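Inspection log for the structure reproduced underneath, given as C-alpha cells.
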C-alpha cells in the first residue's frame, strides 16, 4: 500500500476574469507522503494558495484529479467536501481567523460542533489541544486579549482538535515577528515529528521554509523540480 | 441546540445594535398584544354571541320601541324556547363621562336567556323581590367602588320619571359575573316593571327582544316566522342572530378590525425592514468569519441555519417580551378598564406564529447570502 497521503495528477485551474481566462495552475503533478512537512514557496500569483485551496477541498480543479487519503476530492460535492474537511483537514491562516466573540476554548471547540460529541467531551478535547500548543492558561481569554503569537497558537489548536491527518498552513507566520514566528514554526515542527501530522505550508519566508522537511518552489502555476529553488 | 452558544455570542457582537433591534421588536409585539385585545373589545361581542339566540328589533331603527304585547306573540312561534326583553335606559352615574350600559329587563326572563351571567342566589332573590333594585356587573363595582345595599342615583338622558325628574334612585341588590372572562360585566340591569311604571312616557313598550331557540339550524326559519307575524303592522320587526346584531351594532364605529389589521401590517413591515437590515449588516460584517466556519467543515445548510436562528432568536426575545408584557398588562393586571379587553389563546398563538414568521422573514435573505458565500472569495475579504 502506498504511503502517499496526497496525489495530484495533471491539475489545472483556470479562473474567468472578465472576458479573460487566467490559468493559475497548469498540468501540475504532486505527491506528498504521509508525515511530510512541505513548504511551498514562490512569488505572489504563482498559484501556491490556489494549490493549498485545492488540497483542502475549498476549490475544485478545472481538470485533473486530487486524492487525499481515500478521498477523490475532484469527484466530491460541496457538502461532501465540507464533511470531509471537518475531520481530515486542519487549516491555519495568516491572520488566525478566530471568531472574536468566542473565547480561545470555544474557538477551539468549533470544529467539534460538527461531531456527535457532547459539551463535556468537546471541552475536554479542546483543553487537550490548547495544552499541546501551550495555552491551557489562556482558555478563557478572548482573541482581543491575546498576542498575535497566542492567537496563532489557538488557531493551531483549532486545526488539530479534530485530529486531522493533514494541516494546511497559509503564511502562518506572515503576521508575526521573527521570534514569535520561530515559536510557531517549532510548534508546527513538533506536530509533524511528534504527532505525525502531514503539513503543507505556504510561505514567502525562506527561514520559515527551513523548518520543513522539503521545500517546493512554484512559478506561473507549475512546480519547479525539487532543489531547483 | 449545540449551535446555541455560537448563535447567542454572535448576537451580542454589537450589543447596542442588538438591543435596539430587540427593543423595536419588543414595542411592535407589545403593540400587537394591545391592539389584539382592543380588537377583542369590538369583535368579542360577535364571538360571545350565542348561535341559539335571536334578537328582534324595530325594522326601521333600534331607537324605536316595540309593543310589549309582542313578547307573547314571539313566544308562540314554533322553535322559540324562551324570550326576554330589554329597554335602553341611557343613563350615567354622577358624571356624564361615567357612561355604561343600563337595561331595563324582566329579571327572571333575562337571566333565563343569559345563563352565562351568574349571581349568588340570595342576591338574585333580593333583586326579584325589590322593585327599585338593580344588579350590576363586577367590572362596574370595581370601577365605582359600590357595594351590595348601596343606593345610587342614575341620571337618564332619555327617561323622565313621573315625578318630573331625570334622576332615578336604585338600590344595588347584587353583583353578577360572567362565566366567560371575555364577556363584559360593565352593565346594570334594572327591573322593567319599576322602570315602566315610573317613566313619564313610553309605557308598555320594550326596546328589543332576545329569543332563545331550539336549534341554531332553525334560526333563519324562526326569524322569518317572527318577522312575518308583524309584517304590515305599525311596528314591523327585524329579527337576526345575536352575532349579526352585534356585528351591525359594532359596524357603527367603522371597520375596527380592518383598521387594526392595517396598523399592525405597517408595524410588522417596518419591523421586518429594521430587523432584515440589521441581519444583513451583521452578515456583511462577518463574511470572513462565516467563511472560516465553512472552511472548518460547516455546510452551507449549517451556516444558513445559524443566521436564521440568530434573526429568529432576536424576534423571540423582543417579541416574547413584548407579547409577555401585553399579556401581563391586559390579562393579569387588567390595567385597561375596557369591557372585553382581553388577550385570548388564539391571539397569543397568532403572536407566537408571527414572531417566528418575522424571524424567518427577516433572516432569510441574509441567511441565503451567507449560504451562497464561496470560501475563497470570502476569505480574501478578511
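Protein chains in written order, with the numbering used here: chain B, 58 to 286; chain U, 131 to 512.
In this text, a Cβ means the ideal position worked out from N, Cα and C, and glycines have one as well.
Since this is a predicted model, take the numbers as computed values, not measurements.
According to DSSP, is residue i part of a helix, a strand, or is it coil?
| i | result |
| --- | --- |
| residue 192/U | coil |
| residue 459/U | helix |
| residue 131/B | helix |
| residue 416/U | coil |
| residue 484/U | helix |
| residue 286/B | In this prediction, residue 286/B has a pLDDT of 48, which is less than 50 and means its spatial position is unreliable; nothing more can be read from the coordinates. |
| residue 230/U | coil |
| residue 409/U | helix |
| residue 66/B | strand |
| residue 387/U | helix |
| residue 162/U | helix |
| residue 154/U | helix |
| residue 200/U | helix |
| residue 227/B | strand |
| residue 73/B | strand |
| residue 78/B | strand |
Counting only C-beta atoms, is residue i closer than 8 Å to chain U at any point?
| i | result |
| --- | --- |
| residue 197/B | no |
| residue 148/B | yes |
| residue 222/B | no |
| residue 203/B | no |
| residue 249/B | no |
| residue 142/B | yes |
| residue 154/B | yes |
| residue 229/B | no |
| residue 280/B | no |
| residue 188/B | no |
| residue 163/B | yes |
| residue 170/B | yes |
| residue 69/B | no |
| residue 158/B | yes |
| residue 103/B | no |
| residue 167/B | yes |
| residue 263/B | no |
Taking all protein chains shown into account, do 16 or more other C-beta atoms lie within 10 angstroms of the C-beta of residue i, making it buried, or fewer, making it exposed?
| i | result |
| --- | --- |
| residue 400/U | exposed |
| residue 252/U | exposed |
| residue 215/U | buried |
| residue 176/B | exposed |
| residue 142/U | exposed |
| residue 250/B | exposed |
| residue 145/U | exposed |
| residue 479/U | exposed |
| residue 419/U | buried |
| residue 131/U | exposed |
| residue 462/U | exposed |
| residue 153/B | buried |
| residue 508/U | buried |
Using C-beta distances below 7 Å, list every residue in its chain close to residue i, excluding the 5 sequence neighbours before and after it, in chain order.
| i | result |
| --- | --- |
| residue 292/U | 328, 330 |
| residue 390/U | 165, 168, 169 |
| residue 125/U | Nothing can be reported for residue 125/U, as the shown portion of chain U is limited to 131 through 512. |
| residue 148/B | 113, 216, 225 |
| residue 179/B | 166, 169 |
| residue 218/B | 165, 168, 169, 182, 183, 186 |
Quick one: does residue i have its CB under 8 Å from some CB of chain B?
| i | result |
| --- | --- |
| residue 454/U | no |
| residue 426/U | yes |
| residue 478/U | no |
| residue 135/U | yes |
| residue 310/U | no |
| residue 506/U | yes |
| residue 430/U | yes |
| residue 501/U | no |
Going by beta carbon distance, what residues of the same chain come within less than 6 Å of residue i, once the five residues before and after it are set aside?
| i | result |
| --- | --- |
| residue 273/B | 97, 280 |
| residue 64/B | 88, 124 |
| residue 353/U | 184, 369 |
| residue 210/B | 190, 192 |
| residue 326/U | 333 |
| residue 360/U | 366, 367 |
Grab me the residues of residue i's own chain with a C-beta within less than 8 Å of its C-beta, minus the 5 sequence neighbours each way, in chain order.
| i | result |
| --- | --- |
| residue 58/B | Here residue 58/B scores only 43 on pLDDT, less than 50, and its place in the model is too uncertain to base an answer on. |
| residue 208/U | 352, 355 |
Fill in: Residues of the region 107–136 of chain B with Cβ closer than 8 Å to any Cβ of chain U, in chain order
Those residues of the region 107–136 of chain B that come within reach of chain U (Cβ to Cβ, closer than 8 Å) are 110, 113, 115, 116, 135, 136.
Discussion item. For the region 392–422 of chain U, list every residue whose C-beta sits within 7 Å of some C-beta in chain B, in sequence order.
Written reply: From the region 392–422 of chain U, only 418, 419, 422 have a Cβ closer than 7 Å to chain B.
Item to complete: Pull out every residue of the region 440–453 of chain U whose Cβ sits closer than 8 Å to any Cβ of chain B, in chain order.
Response: Residues passing the 8 Å Cβ filter: none.
Discussion item. At a CB distance below 8 Å, what residues from the region 134–161 of chain U approach chain B? Give them in sequence order.
Written reply: 135, 136, 139, 140, 142, 143: these are the residues of the region 134–161 of chain U whose beta carbon lies less than 8 Å from some beta carbon of chain B, given in chain order.
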